[in-house]
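Residue numbers (our numbering): 159 to 448.
Glycine is no exception: its CB is placed at the ideal position from the N, C-alpha and C atoms.
In this text the structure is predicted, and so the values were computed from the model without any measurement.
Okay, so here's the structure we're looking at.
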C-alpha cells in the first residue's frame, strides 16, 4: 500500500504533462483569477462609495432589508405581545396606541416595502396618526412585553390659521384643534393669528415667561407683516411691539405696568427704539418719559 502511494506521488511529481499543467495554473490561471477577484472587489467598493454619496437610500434600504429578514427568520422579531405598557401620555389614550400597535402588527408583512422592523414602524405610525405625540421611546422586554413611553407637545397657545384652529407648543408645532371638547379645555389660552405666527412663537414665549403676572392678562397676539407682534390684553389695551429688541421693549412694558395706570391706556406703541407713545382712552396721544 505504501509502495502504491509512493508510485502515485512520483507519478504526479515526475509526469511532464502534469508538471506543465501545474506550472500553467501557478503562473497564469492563479494570477489571472486573483486579478479578476481583486478587480471585482475594487468595483464593488467603488460602487458602494458612489451609492453612499449619490444614493444613500439604496444602502440604507439594503441594510434594513437584511436586518428585517435576519430578525424574522431567527425569530428575534416576534410580533406577538403578551403585554403592552404605555406611559407618559396625557391627551393620547392607551386605546388609541394599542389600536395602532395591532394594525401595524397585521400589515407589517403584507405591506412593508421599506423592510423596517416593527418598532420603527410603530414609531412612524404613532407620530403620523397621533399629532399630540412629540417623541416616542419603544423597547421590548423579551420575549413578549412591549414598553411605549410617550412625550406629548406642551400647549402654549391657540393659533388661528386659514379658518382652522391649532394648539401649538412653544416651538410652534401645530396640533389640529377640531374637537369641540378640546376647544373648551384650551379656552383660556392666548390666541395667536397671522400667517407664520407659529414659526415665531418661541420668541414670544421667551418674553412672556419673564413676567407671568403680566402675561396672564394677555388675550391675543397677532403676527403683523411677517415682522413683529401686536399684543392685545384682556382689558382691550393694544401693545405694538418692535421688529427687533423685543426683550428690551417687554421690560419697558413691565415698568409701565408697575405704575398701575394701564387701564387709562388704549394703545402703547413700542415700535421705535428709545421712545414710548401712549394713546389714552380719550384718544390723546403722548410720549411717555421715564
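Does the distance from the C-beta atom of residue i to that of residue j stay below 8 Å?
i: residue 294; j: residue 313; result: no
i: residue 287; j: residue 297; result: no
i: residue 405; j: residue 365; result: yes
i: residue 292; j: residue 310; result: yes
i: residue 246; j: residue 307; result: yes
i: residue 397; j: residue 352; result: no
i: residue 410; j: residue 395; result: no
i: residue 203; j: residue 209; result: no
Here's a check: name, in chain order, each residue in its chain whose Cβ is nearer than 8 Å to the Cβ of residue i, leaving out the five neighbours to either side.
i: residue 258; result: 280, 283, 284, 287 and 288
i: residue 341; result: 323 and 335
i: residue 376; result: 348, 366, 389, 390, 391 and 392
i: residue 256; result: 242 and 244
i: residue 357; result: 330
i: residue 233; result: At residue 233, the pLDDT of 49 sits below 50, so the modelled position is not reliable; the number obtained from the coordinates is stated separately. Cβ neighbours of residue 233 beyond the five flanking positions: none.
Under DSSP, the alpha helix (DSSP H) around residue i begins and ends at which residues?
i: residue 208; result: 188–212
i: residue 407; result: 404–416
Between residue i and residue j, how many whole angstroms is the CB-CB distance? I'm expecting something under 8 Å.
i: residue 317; j: residue 355; result: 6 Å
i: residue 439; j: residue 417; result: About 16 Å; that fails the 8 Å criterion.
i: residue 414; j: residue 426; result: 7 Å
i: residue 359; j: residue 315; result: 7 Å
Taking 7 Å as the limit between beta carbons, can you name the residues of its chain near residue i, skipping five residues before and five after?
i: residue 362; result: 379 and 387
i: residue 177; result: none
i: residue 290; result: 249, 250, 310, 311 and 333
i: residue 175; result: none
By alpha-carbon positions, which one of the options ends up nearest to residue i?
i: residue 421; options: 393, 412 and 331; result: 393
i: residue 302; options: 331, 334, 242 and 396; result: 242
i: residue 240; options: 349, 370, 299 and 428; result: 299
i: residue 263; options: 251, 374 and 277; result: 277
i: residue 400; options: 373, 434, 419 and 369; result: 434
i: residue 206; options: 195, 441, 220 and 184; result: 220
Would you give the residue range spanned by the beta strand (DSSP E) that residue i belongs to?
i: residue 427; result: 423–427
i: residue 387; result: 386–391
i: residue 152; result: A question about residue 152 goes unanswered here, because the residues of the chain that appear run from 159 up to 448.
i: residue 378; result: 376–382
i: residue 305; result: 303–310
Please decide whether residue i counts as near chain B, where near means a Cβ-Cβ distance under 8 Å.
i: residue 306; result: Included in the structure is just one protein chain, with no chain B present.
Enumerate in chain order the residues of its own chain whose CB-to-CB distance from residue i is below 6 Å, with the five nearest sequence positions on each side excluded.
i: residue 385; result: 401
i: residue 373; result: 366
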